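First residue of the sequence shown? That's 108 in this note's numbering, and the numbers climb one at a time after it.
Glycine included, each C-beta is placed from N, C-alpha and C at the ideal position.
No experiment lies behind these values; they were computed from the predicted model shown.
So the structure is just underneath, and the comments pick up after that.
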Amino acid sequence: MSTKPAAGQHAEPNTSIDREDERLARLAFLSPDIVAAILDGRQPSSLTPRRLLKQVNLPLHWNEQKAALGF
Numbered sequence: 108m109s110t111k112p113a114a115g116q117h118a119e120p121n122t123s124i125d126r127e128d129e130r131l132a133r134l135a136f137l138s139p140d141i142v143a144a145i146l147d148g149r150q151p152s153s154l155t156p157r158r159l160l161k162q163v164n165l166p167l168h169w170n171e172q173k174a175a176l177g178f
């Protein structure tokens, strides 16, 4: 049995995967300074992986990211 949608129909979105992909994609726009600090272990103690992934409206401007994340 085929799981592909018929012509003219849309596939059901897998929302849990879509949300995870969206969260991870946002990390691609992190300031290089923030990335370097995390890799060196110099991030603020309040910046946990969970907090970073839950940042819904992370600014695109790097200085604003630093302020939002406590750098």
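How about residue i and residue j: do their beta carbons lie closer than 8 Å?
i, j, result
"L165", "A175", "yes"
I need the DSSP call for residue i, collapsed to helix, strand or coil.
i, result
"Q172", "helix"
"A142", "The sequence given here places Val at residue 142; Ala does not occur at that position. It is helical."
"F178", "coil"
"R149", "coil"
"L165", "coil"
"L137", "coil"
Assuming residue i and residue j make a contact with CB atoms under 8 Å, what is their CB distance in whole Å?
i, j, result
"P151", "F178", "7 Å"
Identify which residue in the options has its Cα closest to the Cα of residue i.
i, options, result
"A172", "E129, L134, D128", "According to the sequence provided, residue 172 is Gln. The question's Ala does not apply to it. When each option's Cα is compared against that of Q172, the closest is L134."
"W169", "A132, I141, R126", "I141"
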